[in-house]
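First residue of the sequence shown? That's 640 in the working numbering, and the numbers climb one at a time after it. Note that the Cβ used here is the ideal one computed from N, Cα and C, for glycine as well. Fair warning: this is a prediction, and the values are worked out from it, not measured in the lab.
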Amino acid sequence: MPKDVPDMQESLAGMLHTLAREVPSPRGGSLFLLAPSQVEHISQSAQWDMLDVEQQGLGQGIIPERYVRNMDAIDVEEQRTLLQSRIAMVGLGGLGGHLLELLARTGIGTIVAADGDAFEASNLNRQLLATSNTLHQTKASAAQERCRIINPATRLHVYDTYLDEAGMLEMTVGADIVVDALGELAPRRLLSRVCRKQNLPLIAGALAGWSGYVALIRPGGTHPVEFMGGDDSAEKKLGCPGPTVAFVASLMAAEVINTLVGRPTLDGRMLALDLRRMQFETVTL
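1. Taking all protein chains shown into account, decide if N838 is buried (16 or more other Cβ within 10 angstroms of its Cβ) or exposed.
2. Return the residue from the list E740, S682, V729 and E661 that minimises the CA-CA distance to E704.
3. What does the alpha-carbon distance come out to for the pair F919 and A845?
4. Since L722 and G748 should fall inside the 8 Å C-beta cutoff, what is the C-beta to C-beta distance between them, to a whole number of angstroms?
5. Taking the beta carbon of E759 as the centre, do at least 16 other beta carbons fall within 10 Å, making it buried, or is it exposed?
6. So for R902, helix, strand or coil by DSSP?
7. Go ahead and label E717 buried or exposed: buried means 16 or more other beta carbons lie within 10 angstroms of its beta carbon, across all protein chains shown.
8. Are Q683 and L655 closer than 8 Å when you measure CB to CB?
9. Give me the Cα-Cα distance between A625 and T883, rounded to the nearest whole angstrom.
10. What's the C-alpha gap between S724 and V817?
11. Helix or strand or just coil, what does DSSP make of E920?
12. Please state whether DSSP places M909 in a helix, a strand or coil.
13. Restricting to runs no shorter than 4 residues, where is the alpha helix (DSSP H) found entirely within the region 795 to 882?
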């Protein structure tokens with residue numbers, strides 16, 4: 640954001656009101672919308688970051704059109720909160736790729752993500768970022784390209800590496816929430832310890848076959864991996880079908896949003912699911 644704030648804000652306000660389009664609201668009255676091309680135009684003209692332009696617009700009751708179908712499931716103030724939020728996510732594979740897509744489209748302002756892996760053919764059945772064009776490409780670079788296409792206002796910072804404890808501590812600085820989209824137990828335990836040190840809430844999800852879980856772990860709480868032993872082979876034995884991956888990621892994304900805007904959450908509980916039998920159970924951790 641520019642340093643000469645008062646004059647620039649006044650100029651920006653004028654541009655926002657000039658370019659906003661008035662449309663009838665389904666709930667009566669009017670909505671004032673700003674198309675993605677107009678957000679980009681204002682950003683370039685006023686030399687403001689696109690995310691700042693969207694935040695200023697919402698502050699004046701002008702809704703960036705890319706978020707209009709979030710309303711009223713997410714209200715204007717909640718949308719502003721999401722734009723101002725910062726999440727740290729470890730893993731950009733099956734769960735992480737879907738999460739990136741959902742959170743960027745919903746309007747999370749800043750996402751810091753890490754993954755040191757590259758795509759291979761066996762990822763194509765379930766990983767949203769894995770395509771014929773991204774095979775052998777790093778997951779971090781594919782994530783950058785995808786985020787730029789779906790929501791260029793989202794600030795995505797990626798670590799193209801596998802993180803040790805120091806790296807996890809670094810990437811979680813300033814985060815509101817940490818997301819565990821990892822696939823192995825050892826780094827999950829490490830990330831859980833880092834969140835305790837940083838006093839940050841952790842949203843975790845995992846799956847094997849048609850079963851999975853989602854949990855919200857507050858600082859000092861218990862991560863589900865603490866009572867799952869040390870065997871990483873469940874995914875390989877039972878498979879990773881795409882529907883389970885997408886479903887678990889969707890639940891995790893909803894939990895991120897609910898936590899950020901102050902709605903009821905799992906908070907110390909785990910939602911266990913079995914999509915083969917369509918059974919769901921909530922367990923206290």
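If we stick to the structure as given:
1. Counting every other CB atom within 10 Å of its CB across the protein chains shown gives N838 a total below 16, marking it as exposed.
2. Per the Cα distances, E661.
3. Going by C-alpha positions, F919 is about 15 Å away from A845.
4. 4 Å
5. Under a 10 Å Cβ-count criterion, E759 is classified as exposed, with fewer than 16 other Cβ atoms of the shown protein chains found around its own Cβ.
6. Here R902 sits in coil by DSSP.
7. buried
8. With respect to the 8 Å criterion, Q683 and L655 are not classified as neighbours on the basis of their beta carbons.
9. The first residue shown for the chain is 640 and the last is 924, placing residue 625 beyond what the model contains.
10. 12 Å
11. Three-state DSSP puts E920 in a strand.
12. strand
13. 804 to 810, 824 to 837 and 873 to 877
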